[in-house]
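Counting in the working numbering, the sequence shown runs from 1 upward without gaps. Where is the CB? At the ideal position from N, CA and C, for every residue including glycine. Just so it is clear, the structure is predicted and the values come from calculations on it, not from any experiment. Step one of this worksheet: look at the structure below.
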Amino acid sequence: MRAVGVIEYGGPEALQLVDVPEQHAGEGQIRLRVYAAAVNPTDTLARDGSRAEQQKVDPPPYVPGMDAAGVIDEIGPGADTNLQVGERAMAIVLPRGSHGAYRESLVVPAASVARAPAGSSHAEAATLPMNGLTARLSLDLMGLAPGQVLAVTGAAGAYGGYVMQLAKADGLTVVADASEADRALVEGLGADIVVPRGDGVAAEIRRHFPDGVDAMADGAVQNHLAVGAVRDGGAFTSVRGWTGPEGGARGISFTATFVRDYAREQARLDRLRQQVESGAVTLRVAEVYPAVRAADAHRRLEAGGTRGRCVISFD
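Shown next, in the form of structure tokens:
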């Protein structure tokens, strides 16, 4: 069975088509015939060896990928699901060894799978599970009430876009950063106020909210450069594990958004599906690459400036 993985860690060129054993759905599991897998920044860490210790539970190949979409072809005994064989579905994957989304057949817990949004392509559906759940978790960690103000950095990216749209659905006011070229995109995704991106983002946000915003989702990983925008006693969440300066800062509640905490939250994943179908959430695909060109998808991601997700196809 085909997969995209690495035998030896390295740059994008390390990705290659590999053969991996077929697996079957066991107790409480679902198997997908995967047609699309989104390419995310975390996938590059699985490829270049940054997460070698987590992967080396098995011999190579090591297969990246956290987002998959396709068609259900097996449901194991005891699986708690209302899905059926033959339905289009999407899944979040926690990669380990050769178990990653970049493979044409994938077995995952039933709780990690939801129906694909009606009217979406496989490529579009593949952009939602990990990115959407990450955004949902960030908002849940911050615990804001309708009417409060959220700042989002990296707003034009996949995570930032989902955070903004989910925040608007939650009744929040959103201030977001953007380059001038991305201003229209970010406004279209729901930002009420757009400020210039860059190292001075905290001061730019304070121009509009002198007392600071209630919370920040730091998709740009600016950490100490951005936290100054948050009011005393506010909230700050990071997608790369930063939990604030040593000793804390002004009573701000710091959290780290690790999507593995929501990897088996089927109800939340299905809620995202419903929000796509209602038009509250937009699926964005930058480009689709056949599996044989997976390295090009990683090159484009690492070049920066991608709007939406690149997707690897296993048609």
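Residues sharing a beta bridge with residue i, DSSP
i	result
alanine 217	Val152 and Thr237
aspartate 19	Arg2
arginine 268	Note: arginine 268 sits in no beta bridge, so no partner.
glycine 70	Val34 and Ala89
valine 230	Val213
glutamine 29	Pro109
Rounded straight-line distance, which links the Cα of residue j to that of residue i
i	j	result
proline 77	alanine 25	8 Å
leucine 225	alanine 215	15 Å
alanine 3	arginine 207	50 Å
methionine 142	threonine 255	8 Å
aspartate 232	valine 175	18 Å
serine 98	valine 194	42 Å
tyrosine 35	phenylalanine 314	5 Å
arginine 183	methionine 164	14 Å
alanine 37	valine 93	10 Å
Assigned secondary structure, residue i (DSSP; H/G/I helix, E/B strand, else coil)
i	result
asparagine 287	Per the sequence shown, residue 287 should be read as glutamate rather than asparagine. In the structure shown, glutamate 287 sits in a strand (DSSP, three-state: E or B).
valine 281	coil
threonine 255	strand
aspartate 58	coil
aspartate 48	helix
valine 311	strand
valine 276	helix
glutamine 222	coil
aspartate 43	helix
valine 292	helix
histidine 298	helix
alanine 249	coil
glycine 147	coil
valine 163	helix
aspartate 261	helix
aspartate 170	coil
glutamate 53	helix
glutamate 8	coil
The stretch 131 to 140 touching the stretch 250 to 270, judged by at least three CB pairs closer than 8 Å: The stretch 131 to 140 is in contact with the stretch 250 to 270.
Length at least 4, wholly inside the stretch 172 to 208: the alpha helix (DSSP H) runs in chain order: Correct list: 183 to 188 and 201 to 208.
Unbroken stretches of the alpha helix (DSSP H), 4 residues or longer, contained in the stretch 72 to 137: If one requires a minimum length of 4 residues, the alpha helix (DSSP H) runs lying completely within the stretch 72 to 137 are 122 to 126, in chain order.
At least three beta-carbon pairs within less than 8 Å, the stretch 169 to 189 to the stretch 96 to 106: Fewer than three Cβ pairs drawn from the stretch 169 to 189 and the stretch 96 to 106 lie within less than 8 Å of each other, which leaves the two stretches out of contact.
Any 3 or more C-beta pairs closer than 8 Å across the stretch 159 to 169 and the stretch 190 to 198: Three or more pairs of CB atoms, one per stretch, sit closer than 8 Å, so the stretch 159 to 169 contacts the stretch 190 to 198.
Touching by the beta-carbon criterion (3+ pairs, under 8 Å), the stretch 109 to 129 and the stretch 43 to 52: With a cut-off of 8 Å, the stretch 43 to 52 and the stretch 109 to 129 do not count as touching, because too few Cβ pairs lie within range.
Cβ contact (3+ pairs, closer than 8 Å) linking the stretch 272 to 280 and the stretch 2 to 16: Touching, no.
Contact the stretch 284 to 301 vs the stretch 10 to 30: 3+ CB pairs below 8 Å: Counting Cβ pairs under 8 Å, three or more are found: they touch.
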